[in-house]
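For the sequence shown, the numbering used here gives the first residue as 725, with consecutive numbering after it. Shown next, in structure tokens, is the structure this report addresses.
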Amino acid sequence: MATGVDLRSPVRAARQATRDGTGSAANRRPRVSTRRRALIRARIWLVALLAPLAGCDRSTSPAQRAHAAAAYPAVVASVERDRAALAADLRAARTPADQARVLDRASPALARLLADRILPAWNGTPWSIAGTAVGPGERPVACGYFVSTALEHAGLRVERRLLAQQPAEHIVRSLVPAGRVARFRRVPLDQFLGAVLSGGDGVYLVGLDYHVGFLVVDRGRAYFHHASRRAGEVVREPALLSSALASSSYRVVGKLSGRDLARAWLTGAALPTWFN
């Protein structure tokens, strides 16, 4: 049941280039009608049935990994340009209402940039329990370092090394307020995914018994993007078919969204690592 809700830093390099001109809801499960819950479960199972036809993002070749590594600085630079443009809009906003409108644009923009640009570039990067890669390619990466490094390269000022070494719940809480974190114990995977899908499209951080990664929800379909021990590399796979998600008895999840996170992203505010 739910019990509560130098590659030098590419971001710093991109920001320099830009400057140079070159009680709560945490303790309740989301309320979803019986009919909507049934529709969500049906959609989840339909995605699972079609997944073998669509395939998963895995098993990249060394040549593909080398290409991704070479292209990655440009990917990060493009993300930084988009962030900088929104940051300029925020600075130009004259009233709180104007600022709120910019932040409401920035929140989904951050999710899209993570889901569509940063995370896919890592696909095929080898997994290792001791991996600390600072970018995609041949060097291995552990699950925590994949999460913290991707967040940093998206433009969030996280403590990359410290965050990567934390328990999964601490990683989630470092980015998501307590009131928007949900915890599930011994809940069937389809029920867990149904609860996540009720939160809408976007990018979620999810922590498991001994693992952490991203849940990407796109047009009502959920994918787990993570540095996978089983696959031996970073993959994006249909969430319902993920053995890592299915085998975990504990799941903690929080959506990367909201004005506070958007403001931190646009202003470059530090996001300290959370400890209980």
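For glycine and all other residues, C-beta sits at the position ideal for the given N, C-alpha and C. Keep in mind that this is a model prediction, so the values were computed, not measured.
Do residue i and residue j have their CB atoms nearer than 9 Å?
i: Glu862; j: Pro786; result: yes
i: Leu985; j: Leu887; result: no
i: Val882; j: Gly978; result: no
i: Ala963; j: Tyr947; result: yes
i: Ala839; j: His949; result: yes
i: Trp846; j: Pro864; result: no
i: Arg807; j: Leu837; result: yes
i: Ala811; j: Gly992; result: yes
i: Ala817; j: Gly926; result: no
i: Pro850; j: Gly956; result: yes
Could you compute how far the alpha carbon of residue i sits from the alpha carbon of residue j?
i: Gly747; j: Val905; result: Caution applies to Gly747, whose pLDDT of 36 falls short of 50 and renders its modelled position unreliable; the value that the coordinates give is listed next. Each residue's Cα considered, the two are about 12 Å apart.
i: Arg954; j: Ser972; result: 14 Å
i: Leu913; j: Gly931; result: 14 Å
i: Asp828; j: Leu899; result: 17 Å
i: Ser1003; j: Ser952; result: This structure cannot speak to residue 1003, because the chain is shown only from 725 to 1000.
i: Ser802; j: Gly903; result: 32 Å
i: Thr873; j: Ile842; result: 10 Å
i: Ala821; j: Gly982; result: 15 Å
i: Phe999; j: Ala794; result: 36 Å
i: Ile853; j: Ala833; result: 31 Å
i: Thr819; j: Val826; result: 11 Å
i: Gly784; j: Asp813; result: According to the sequence shown, residue 784 is Thr rather than Gly. C-alpha separation (whole angstroms): 39 Å.
i: His791; j: Glu804; result: 21 Å
i: Arg945; j: Leu921; result: 8 Å
i: Glu961; j: Arg885; result: 26 Å
i: Val911; j: Pro901; result: 23 Å
i: Gly868; j: Thr856; result: 9 Å
i: Leu965; j: Gln788; result: 25 Å
i: Leu995; j: Arg987; result: 11 Å
i: Asp942; j: Ala970; result: 20 Å
i: Gly918; j: His894; result: 24 Å
How many whole angstroms separate the CB atoms of residue i and residue j, which I take to be in contact at a CB cut-off of 8 Å?
i: Ala824; j: Trp989; result: Between Trp989 and Ala824 the Cβ distance is about 15 Å, and since that is not below 8 Å, they are no contact.
i: Ala878; j: Val936; result: That belief does not hold up - the Cβ atoms of Ala878 and Val936 are roughly 16 Å apart, past 8 Å.
i: Phe938; j: Val871; result: 7 Å
i: Gly848; j: Val958; result: 6 Å
i: Gln915; j: Thr997; result: Between Thr997 and Gln915 the Cβ distance is about 31 Å, and since that is not below 8 Å, they are no contact.
i: Leu980; j: Tyr928; result: 7 Å
i: Val799; j: Arg907; result: Actually they do not touch by this definition, with Cβ atoms about 33 Å apart.
Kindly indicate the opening and closing residues of the beta strand (DSSP E) around residue i.
i: Pro891; result: Careful: Pro891 lies outside any beta strand (DSSP E) and carries neither H nor E.
i: Arg975; result: 974-979
i: His950; result: 945-952
i: Val959; result: 957-962
Since residue i is in the alpha helix (DSSP H), which residue starts that stretch and which ends it?
i: Pro912; result: It is not in any alpha helix (DSSP H) - Pro912 carries neither H nor E in the DSSP assignment.
i: Ser831; result: 820-837
i: Leu990; result: 983-991
i: Phe870; result: 867-877
i: Pro797; result: 786-816
Who pairs with residue i in a beta bridge, going by DSSP?
i: Asp942; result: Arg945
i: Gly937; result: Val930
i: Val882; result: Leu995
i: Pro850; result: Glu957
Consider the Cβ of residue i: report whether some Cβ of chain B lies at a distance smaller than 9 Å.
i: Gly992; result: As a matter of chain content, chain B is missing from the structure shown, which is built from one protein chain.
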